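In UniProt numbering, the protein residues as written are 1 to 132.
Next up, the structure:
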């Protein structure tokens with residue numbers, strides 16, 4: 001859900017991030033409000049999360065790769081499925097470490113470099129396998 005607005009006490013109104021035409025009302029216990037910055041206030045305003053860009057990028061990459069991973073499963077491409085699963089689990093774990101905020105600055109910097117190189121590798125790997 002994205003762009004939640006308090007509807008009534010204990011309830012939020014919002015829409016799905018994948019399909020903005022899907023709207024609904026959600027109990028507060030199902031909603032986590034992230035700190036964000038509002039851009040273009042008014043009719044076309046957008047909420048930009050204030051979280052680390054590396055964390056956001058990993059989430060976007062995992063959503064994108066999930067489709068490729070699912071297709072590898074359906075097409076019974078065992079090798080591709082296994083490799084992608086391993087890399088996706090690594091990225092999930094690294095994202096979790098960044099979100100916990102317990103790393104030193106040097107560890108955070110090193111982890112972000114590892115994330116970037118793994119995403120680059122995965123994009124090259126996926127492009128190579130898709131084009132075959």
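Every residue gets a Cβ at the ideal spot worked out from N, C-alpha and C, and that includes glycine. Keep in mind the model is a prediction, meaning the values are calculated, not measured.
Bridge-paired residues (DSSP) for residue i
i	result
residue 35	Note: residue 35 sits in no beta bridge, so no partner.
Rounded Cβ spacing between residue i and residue j (contact assumed at less than 8 Å)
i	j	result
residue 55	residue 36	Actually they do not touch by this definition, with Cβ atoms about 14 Å apart.
residue 22	residue 15	6 Å
Top-ranked residue by Cα proximity to residue i, from the options
i	options	result
residue 71	81, 62 and 63	81
residue 119	103, 108 and 60	60
residue 29	102, 10 and 69	10
residue 85	43, 75 and 65	65
residue 121	102, 95, 104 and 87	87
residue 117	90, 100 and 18	90
residue 123	53, 18, 27 and 69	69
residue 27	13, 67 and 109	13
Contact check, residue i vs residue j, beta carbons under 9 Å
i	j	result
residue 115	residue 57	yes
residue 111	residue 98	yes
residue 39	residue 45	yes
residue 32	residue 83	no
residue 153	residue 62	Nothing in the structure corresponds to residue 153, since the chain is present only between 1 and 132.
Delimiting residues of the alpha helix (DSSP H) encompassing residue i
i	result
residue 82	78-100
residue 43	Per DSSP, residue 43 belongs to no alpha helix (DSSP H) and is neither H nor E.
residue 20	No alpha helix (DSSP H) holds residue 20; DSSP gives it neither H nor E.
residue 60	53-74
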